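Residue numbers (the working numbering), protein chains in the order written: chain A, 325 to 611; chain B, 325 to 611.
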């Protein structure tokens, strides 16, 4: 694994890179950072050049004052491609990474060989996000915006572990998926500014999320970049039923469930995650 | 101030008591305990016997395994009245205390000389509780149910202070209302079991709250005990507009706004809070 710091869009980004072949960019979610992709990267390194940045605010990347959200992450990614001299790439992501991929695809479709998603927020989820029975799932989207949140979660190793592992276990279907890297995740989020850096996404996303829930979000042009979605079958945060309107946003869509996993297919079943990613970009002729 | 431990309903309750006259029972909210009433108690001690228990799970009272909610608190209060040899009393409360007063009034109206509320949850709030624009206000009702919550909030003095003072400041209109007692509040909630004891109310209330939001709560008989509500004018948690359906629950209702305060009139303006309470029970002939 090669680690470099890359200057792009006015900030420094940590980029982990491995493998040889056509480039695949891997965009992590919250509460994650580049390391979440390591098992998938190891399995695809003989066929692809795998590039996993820490998004702005996360990991070893810069953490300027927020809030910064999907639009900002997308601008960062585009500038990163320029800085790395990458003309065209496949992009893989979920969660916050999946949110960033949508503005990215709308502004730079010619740079993208294809999009591959696990679960993520897209406009068609709509009011279902905040249905009464789901309040106990979405509270963190509000909590993460509170000024006290970094203080509370970062008070001690124990509290950071309690908060981070809550999500890494609760959202997983295979509950022990992160056991071996949990300490690395906790250590990562305890680095100065990393908790606030991750929370910045929730501040930036709030107005758009509420507009989506109210059905008042302005309509966006559909995304024409060929798209593969392998939505988790058992993600408590984002039920499979919510895929029913993906076709409205993604014109060229290959959708199937990812069986027997929760929110983190790349960590819960990296063999299959890597196989699905590889097979899709193969079908796209992206070698 | 006299402090006693009173055995009732299978648990031990800490009761703070002062003053002489007809009894008034004072029921605190979350994140509070008996001490929240101290300024009001001092102002009414020449006219009333003021009795402020720590509710089950709070302060120095027992903290059996939860969840326990409004029905349990009401049963506790009734048993406390028996144990204290009090035949009839006025009751004052808000927030969690106000939730407990409703089942209390339905099961033991003959024991109650009158009810006096500040803001509290009652069925007529309905789906407004979870309107999209209010998600950033109600997240704590979910967070407080999480298994990690006591660990996270109780990790350190600093984290308990960050969490507790968030609510005591955010919900107040006069932001410094708790400054002088904040350390006492933090120390109180850091006592073993107190965080979980307060959170138990949110676990117990969850199903009923969701049913209310969905409009699926079974109708309850109206409360006939004479009731005074002085709802705060500036409570960010419970807007004054939400008083519009109080008359459906409280048949004999004296409603007016409490001006220039937020969620904590008893701490934000104890002079007026005591005057309103005293005037109401005076009008009721409860001396």
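We put the beta carbon where it would ideally sit given N, CA and C, even for glycine.
Because the structure is a prediction, the values reported are computed rather than measured.
(Q) List, in chain order, every chain A residue whose beta-carbon is nearer than 8 Å to that of residue 534(B). (A) One-based indexing of the second chain puts residue 534(B) at position 210. Going along chain A in sequence order, the residues near residue 534(B) (Cβ under 8 Å) are 456, 457 and 459.
Q. From 479(A), 510(A) and 444(A), pick the residue whose C-alpha is nearest to that of residue 490(A); which is it?
A. Within the first chain, numbered from 1, the residue matching residue 490(A) stands at position 166. Nearest option by C-alpha distance: 510(A).
Q | Extent of the continuous beta strand (DSSP E) run through residue 554(B) | A | Within the second chain, residue 554(B) is the residue found at index 230, counting from 1. Unbroken beta strand (DSSP E) run through residue 554(B): 551–556.
Q: Compute the Euclidean distance between the alpha carbons of residue 617(B) and residue 479(B), then round it to the nearest angstrom.
A: Residue 617(B) is absent from the structure shown; chain B starts at 325 and stops at 611.
Q | Check whether residue 379(A) and residue 413(A) have beta carbons under 9 Å apart | A | Counting from one through the first chain, the residue named residue 379(A) turns up at place 55. Counting from one through the first chain, the residue named residue 413(A) turns up at place 89. Cβ atoms of residue 379(A) and residue 413(A): not closer than 9 Å.
Q) When you compare only the Cα positions, how much space is there between residue 503(A) and residue 451(B)? A) Translated into positions along the first chain, residue 503(A) becomes position 179. Translated into positions along the second chain, residue 451(B) becomes position 127. Cα to Cα, residue 503(A) sits roughly 40 Å from residue 451(B).
Q.
Using only the alpha-carbon positions, how far apart do residue 465(B) and residue 454(B) sit?
A. Locating residue 465(B) in the second chain gives position 141, counting from the first residue. Locating residue 454(B) in the second chain gives position 130, counting from the first residue. Approximately 11 Å, taken between the alpha carbons.
(Q) With the cut-off set at 9 Å, would you say residue 623(B) and residue 562(B) are in Cβ contact? (A) There is no way to answer for residue 623(B), as the model of chain B reaches only from 325 to 611.
Q. Can the beta-carbon of residue 355(B) be found closer than 9 Å to that of residue 527(B)?
A. Counted from its first residue, the second chain places residue 355(B) at position 31. Counted from its first residue, the second chain places residue 527(B) at position 203. Going by C-beta atoms, residue 355(B) is not nearer than 9 Å to residue 527(B).
Q. Excluding sequence positions up to five away, which residues of its chain have a Cβ less than 6 Å from the Cβ of residue 420(A)?
A. Within the first chain, residue 420(A) is the residue found at index 96, counting from 1. Within the same chain, residue 420(A) has close Cβ partners 353, 354 and 525.
(Q) Output needed for residue 376(A): all residues of its chain with C-beta closer than 6 Å, excluding positions within five of it in sequence on either side, in chain order. (A) In the first chain, counting from the first residue as 1, residue 376(A) sits at position 52. Within the same chain, residue 376(A) has close Cβ partners 340, 350, 358 and 361.
Q) Anyone know if the C-beta pair for residue 553(A) and residue 578(A) falls short of 9 Å? A) Within the first chain, the letter at position 229 stands for residue 553(A). Within the first chain, the letter at position 254 stands for residue 578(A). Cβ distance < 9 Å, so residue 553(A) and residue 578(A) count as in contact.
Q.
For a test of the three-state rule: what should DSSP assign to residue 583(A), helix, strand or coil?
A. Numbered from its first residue, the first chain carries residue 583(A) at position 259. Reduced to three states, the DSSP call for residue 583(A) is coil.
Q. Since residue 438(B) is in the beta strand (DSSP E), which residue starts that stretch and which ends it?
A. As a working note, residue 438(B) is residue 114 in the second chain. Where residue 438(B) is concerned, the enclosing beta strand (DSSP E) stretches over 436–441.
Q | Interface partners of residue 564(A) on chain B, CB under 7 Å | A | Numbered from 1 along the first chain, position 240 holds the residue referred to as residue 564(A). In chain order: nothing, as chain B lies at least about 22 Å away.
Q) Whole alpha helix (DSSP H) runs in the region 484–561 of chain B with 4 or more residues, listed along the chain? A) 506–514 and 518–538
Q) So, are the CB atoms of residue 443(B) and residue 587(B) less than 9 Å apart? A) Within the second chain, numbered from 1, the residue matching residue 443(B) stands at position 119. Within the second chain, numbered from 1, the residue matching residue 587(B) stands at position 263. Cβ atoms of residue 443(B) and residue 587(B): closer than 9 Å.
**Q.** residue 404(B) - containing alpha helix (DSSP H), residue span
**A.** If you number the second chain from 1, residue 404(B) lands on position 80. Counting along the chain, the alpha helix (DSSP H) containing residue 404(B) begins and ends at 394–407.
Q) In the structure shown, what three-state DSSP assignment does residue 449(B) receive? A) The residue labelled residue 449(B) in the question sits at position 125 within the second chain. Reduced to three states, the DSSP call for residue 449(B) is helix.
Q: Starting from residue 348(A), follow the alpha helix (DSSP H) in both directions and report where the run begins and ends.
A: Sequence index remark: in the first chain, residue 348(A) carries index 24 (1-based). Residue 348(A) -> not in any alpha helix (DSSP H); beta strand (DSSP E) instead, spanning 346–351.
Q.
Taking 9 Å as the threshold (beta carbon to beta carbon), is residue 431(A) in contact with chain B?
A. Stepping through the first chain from its first residue, residue 431(A) is reached at position 107. False, the Cβ-Cβ gap to chain B never drops below 9 Å.
(Q) What does the alpha-carbon distance come out to for the pair residue 369(B) and residue 532(A)? (A) On the second chain, position 45 is the one that residue 369(B) refers to. On the first chain, position 208 is the one that residue 532(A) refers to. If you take the alpha carbons of residue 369(B) and residue 532(A), they lie about 52 Å apart.
Q) Along chain A, which residues have their Cβ under 9 Å away from the Cβ of residue 328(B)? A) What you label residue 328(B) is simply residue 4 of the second chain in a count that begins at 1. Those do not exist, as residue 328(B) stays about 35 Å from chain A at its closest Cβ, beyond 9 Å.
Q: Could you check how far apart the C-beta atoms of residue 530(B) and residue 469(B) are, in whole angstroms? I think they sit under 8 Å.
A: For the purposes of this step, residue 530(B) is taken as the residue at position 206 of the second chain. For the purposes of this step, residue 469(B) is taken as the residue at position 145 of the second chain. Contact holds; Cβ gap of about 6 Å.
Q. Can you tell me whether DSSP reads residue 444(B) as helix, strand or coil?
A. Residue 444(B) sits at position 120 when you count from the first residue of the second chain. In the structure shown, residue 444(B) sits in coil (DSSP, three-state: anything other than H, G, I, E or B).
Q.
Taking CB distances under 9 Å as the criterion, tell me whether residue 515(B) reaches chain A.
A. Your numbering for residue 515(B) matches position 191 in the second chain. Not closer than 9 Å to any Cβ of chain A, the Cβ of residue 515(B) fails to qualify, so no.
Q. Relative to the alpha-carbon of residue 475(A), which residue among 486(B), 467(B) and 472(B) has its alpha-carbon at the smallest distance?
A. Residue mapping note: residue 475(A) aligns to position 151 of the first chain, counting from 1. It is 486(B).
Q.
Taking its Cβ as the centre, do 16 or more other Cβ atoms sit within 10 Å of residue 585(A), making it buried, or is it exposed?
A. In the first chain, residue 585(A) corresponds to position 261, counting from 1. Flag for residue 585(A) reads buried.
Q: Classify residue 414(B) as helix, strand or coil using the three-state DSSP reduction.
A: Along the second chain, one-based indexing puts residue 414(B) at 90. In the structure shown, residue 414(B) sits in a strand (DSSP, three-state: E or B).
Q. For residue 329(B), which of helix, strand or coil comes out of DSSP?
A. Looking up residue 329(B) in the second chain gives position 5. Of the three classes helix, strand and coil, the one that applies to residue 329(B) here is strand, per DSSP.
Q | Of the residues 393(B), 488(B) and 523(B), the one placed nearest residue 507(B), counting alpha carbons only | A | Your numbering for residue 507(B) matches position 183 in the second chain. When only C-alpha atoms are compared, the closest one is 488(B).
Q: Please work out which residues of its chain come closer than 6 Å, Cβ to Cβ, to residue 393(A), disregarding the five sequence neighbours upstream and downstream, and give them in chain order.
A: Position 69 of the first chain, counting from 1, holds the residue named residue 393(A). Contacts found: 525, 528 and 529.
Q: Tell me where the alpha helix (DSSP H) around residue 420(B) begins and ends.
A: Position 96 of the second chain holds residue 420(B). 419–431 is the extent of the alpha helix (DSSP H) around residue 420(B).
Q) Can you name the start and end residues of the alpha helix (DSSP H) that residue 607(B) belongs to? A) On the second chain, position 283 is the one that residue 607(B) refers to. Residues 594–607.
Q: Determine the direct distance from the alpha carbon of residue 372(A) to that of residue 600(A), and round the result to whole angstroms.
A: Translated into positions along the first chain, residue 600(A) becomes position 276. Translated into positions along the first chain, residue 372(A) becomes position 48. Residue 600(A) and residue 372(A): Cα-Cα distance of roughly 14 Å.
(Q) Using 8 Å for Cβ pairs, my map puts residue 523(B) next to residue 557(B). What's the rounded Cβ distance? (A) If you number the second chain from 1, residue 523(B) lands on position 199. If you number the second chain from 1, residue 557(B) lands on position 233. Not really, about 29 Å apart at Cβ, beyond 8 Å.
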